[in-house]
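So the sequences go chain by chain: A and B.
Going by this note's numbering, the first residue of the first sequence is number 1, and it counts up by one from there.
Going by this note's numbering, the first residue of the second sequence is number 364, and it counts up by one from there.
Yeah, the Cβ is synthetic: ideal placement off N, Cα and C, and Gly gets one too.
All figures in this text were calculated on a predicted structure; none of them were measured in a lab.
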Amino acid sequence: MAQVTLDSVRKIYPNGVEAVTPASFQIKDGEFVVLVGPSGCGKSTLLRMIAGLEDITEGALSIGDNVVNTLDPADRDIAMVFQNYALYPHMTVRKNIAYGLKNRKTPKDVIAQKVDEAAKMLNLTEYLDRKPAQLSGGQRQRVAMGRAIVRDPALFLFDEPLSNLDAKLRNQMRIEIKALQRRLGVTSIYVTHDQVEAMTMADRIIVLNGGRIEQIGTPSDIYHNPASTFVASFMGAPPMNLVAAEMQDGILSFAGLELPLASSMRGPVTLGLRPEDLIIDSHGPLAMEVELIEELGAHRLLHGQVNGQRLTVHLAKEEQVALGPLHLSCRVQNLCLFHPETGARMDGGFAFNLAQDRMEERV
Amino acid sequence: MKRAGFASRWLPILLLVPQLSIILVFFYWPAAYAVKSSFYLQDPFGFGQTFVGLENYSSLADSAEYLRVTNFTVVFTVLVTFFSLALALLLAVKADKVIRGAKSYRTLLMWVYAVAPPVAGYMGLILFNQRWGPLTELFGMFGWEFNLRADYFDTAFAMVVVSVWKQVPVNFIFFLSGLQSIPKSVREAALIDNRSASGRFWDVTFPLLAPTGFFLLIINITYALFDTFGVIDTLVKGEPANNPMTLVYKVYIDGFRGNDLGGSSAQSVVLMLLVLALTVFQFRMVEKRIHYT
Ligand SMILES: Nc1ncnc2c1ncn2[C@@H]1O[C@H](COP(=O)(O)OP(=O)(O)OP(=O)(O)O)[C@@H](O)[C@H]1O
Ligand SMILES: [Mg+2]
């Protein structure tokens, strides 16, 4: 078990693509960190550099206390689970799981015992003598997990391990992997582009965008305090509403909403409102034209326009709504302000200039 | 599900006729003719034939010469097959690692495949020429007086070298594409599981190449047995004398030089049976083999 430290780690592919701009962060011993971001943002590249499958162009990578930049993958004390499982097709499940141990000169009886334990843990016992081609996708996924856990590595690396499974199995495996990691306490880095996986599994999330780290934080941090419009719109389903608002003389105004703000800022800003922070309120300042109601069983989503800008509202299932005009208010304490051009968060450091009792309510 | 089909049952047969007639005229008819003439003794001048039953076969079995050629053919086939597969595999594994210039490397190797067997034989003649062949000179430096067509062993050596050289490119292409069809992530998983490159090769790469290798094995045996004819013919210049030759070449020598059409036909029937056996063996194995998917 070990901590992982990246010090200005950078990747430029031979064709000149800078897939990862210098990235620095530290992963604590036993922590489950999820790398998330849209396709092509450099998640796999970062993970593969940590695995040793890809050269590090610049910077230093340490696992435990050792810089491992030049070590072979087999010498880094890591185990990796691949998106397509990467099982050895000609070996039985037993041999697949045992192969890494066999090459590390583990005694035969220890191997047998560890394989049996892992198989039991993953419900694979009855499949040990089958070849991967004779297994379902979910079972193959488990074998790939088994191959990783028997090794007792310092670090688990996962590259979208669940993306080839159907939705139901994915939910189930997500919970199993998380529980397994908790039990084994192995430091883990998990790559996904699924924000639900990121939110539910991570101790900390690293949001990547175009090879750059946008934000590092706990799931709740990332959700409630996004560092940029990118993070705000990437994390959360439905994403945060981002609308154009105006700051003037200490007042933030959007449609009918006017909020006094302790700031001398002036000019246009981007206002971020989570759909669940918008509340139906006949005296509310926001006049919305509801165009579509999405029924999701446990709750509903209203889609419509306020002042010509699109808004989504999250609604508890008890509330009655119809298409057409509607008034909304919002929970002020959860508002976010972003720079209208760069998208960077702007309201960090100043508070909404409201009396505490009004903060608790809505405006 | 509805199966698409022809309205008339004669149309498909009609469409197959050209293909079938080619096979019939150029393969089955000559084969049948060979079987028939293997039971006859031909007049050397073509004036007639006498039915002799299995005599052509029994004299084959008794012939010391035939036994000698058979032995040589076996050794020759084993050597050519082994070395053309092994060298090609080695080259493919190396080429697979090369990223830059891989394409031109492959194309260059593939050119050899385009060389016709007799031309390959001529190149062998030049390389191994007794007076000014560069290879002969090279061997001379090590004290080996190389004597093509005068020395049995040296001639056999040249035959094997030229035949292997001619076959390596085909095997190379197959092995290379076999290597490249091994999923990248499987190799990467092996990279994490096993620190030794040779261990990874024998444990993962080689078994995954086995289906390709088996297919090539059959192809190469067939090549060594039959398609080396041109190489051998050029190297021994149609005058085998005491030089080594393979079974196929003996069919030709006995039939067209020795004018013993009956004996030659009997030999070709034996070879046909050999090919049949190889084919059956191949299909059996292909059926049995696990298909990795
Ligand atoms: N071998 C390579 N050579 C050159 N560029 C590459 C190579 N591999 C990836 N890239 C580029 O680097 C960038 C990051 O790729 P990477 O595979 O890390 O993305 P990703 O975040 O894992 O995406 P996905 O979610 O689709 O897997 C992409 O722009 C990609 O085109
Ligand atoms: Mg990826």
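What residues sit near ligand 2, counting only those whose C-beta is closer than 7 Å to one of its heavy atoms, in chain order? A:43, A:44, A:159, A:160 and A:191
Buried or exposed: residue 649 (chain B), going by 16 or more other Cβ atoms within 10 Å of its Cβ? exposed
With burial defined as no fewer than 16 other Cβ atoms inside 10 Å of the residue's Cβ, what is the status of residue 321 (chain A): buried or exposed? exposed
Opposing strand residues paired with residue 12 (chain A) [DSSP bridges]: A:18
For residue 406 (chain B), does the count of other Cβ atoms within 10 angstroms reach 16, so buried, or fall short, so exposed? exposed
Taking 9 Å as the CB-CB cut-off, is residue 573 (chain B) touching chain A? yes
Hey, does residue 548 (chain B) have any beta-carbon neighbour from chain A nearer than 9 Å? yes
What separation, rounded to the nearest whole angstrom, lies between the Cα atoms of residue 160 (chain A) and residue 153 (chain A)? 19 Å
Please report whether the beta-carbon of residue 89 (chain A) lies at a distance below 9 Å from any beta-carbon of chain B. yes
Check distances from the C-beta atoms of the stretch 529 to 563 of chain B to those of chain A and list, in chain order, the residues that come in under 8 Å. 546, 548, 549, 551, 552, 553, 554, 555, 556, 557, 558, 559 and 562
With 7 Å as the limit, tell me which residues of the stretch 22 to 50 of chain A have their beta carbon closer than that to any beta carbon of chain B; keep them in chain order. none
Given that residue 567 (chain B) touches chain A, what residues does it touch there, using C-beta distances under 7 Å? 88
With a Cβ-Cβ cutoff of 9 Å, do residue 241 (chain A) and residue 170 (chain A) count as a contact? no
Is it buried or exposed, residue 616 (chain B), if we count other Cβ atoms within 10 angstroms and call 16 or more buried? buried
For my contact list, residue 525 (chain B) and residue 484 (chain B) are in at a C-beta cut-off of 8 Å; report their separation, rounded to the angstrom. 6 Å
Mind checking whether the beta-carbon of residue 85 (chain A) lies closer than 8 Å to any heavy atom of ligand 1? no
Residue 39 (chain A) beta carbon near ligand 1 (any heavy atom closer than 8 Å): yes
Rounded to whole angstroms, what is the Cα-Cα separation between residue 141 (chain A) and residue 328 (chain A)? 46 Å
Out of curiosity, what's the CA-to-CA distance linking residue 324 (chain A) and residue 13 (chain A)? 53 Å
For ligand 3, any of its heavy atoms closer than 8 Å to the Cβ of residue 417 (chain B)? For the structure depicted, ligand 3 is absent and the ligand set comprises only ligand 1 and ligand 2.
Measuring alpha carbon to alpha carbon, tell me which of B:584, B:609 and B:520 ends up nearest residue 593 (chain B). B:609
Using 10 angstroms around the beta-carbon of residue 156 (chain A), count the other beta-carbons present and answer buried if the total reaches 16, otherwise exposed. buried
Just confirm the distance between the C-beta atoms of residue 81 (chain A) and residue 173 (chain A), as a whole number of angstroms; I'd bet it's less than 8 Å. Rounded, the Cβ-Cβ distance is 11 Å, inconsistent with contact.
At which residue ranges does the stretch 373 to 420 of chain B contain complete beta strand (DSSP E) runs of 3 or more residues, listed in the order of the chain? 403 to 405 and 412 to 414
Cβ-based neighbour list, residue 553 (chain B), same chain, cut-off 6 Å, excluding 5 preceding and 5 following: 563 and 567
Residue 447 (chain B) lies in the alpha helix (DSSP H); which residues open and close that run? 427 to 460
If you drop the 5 nearest sequence neighbours on each side, which residues of the same chain put their C-beta closer than 6 Å to that of residue 519 (chain B)? 607
Do you know how far the Cα of residue 627 (chain B) is from the Cα of residue 666 (chain B)? Residue 666 (chain B) lies beyond the range of chain B shown here (364 to 656); nothing can be said about it.
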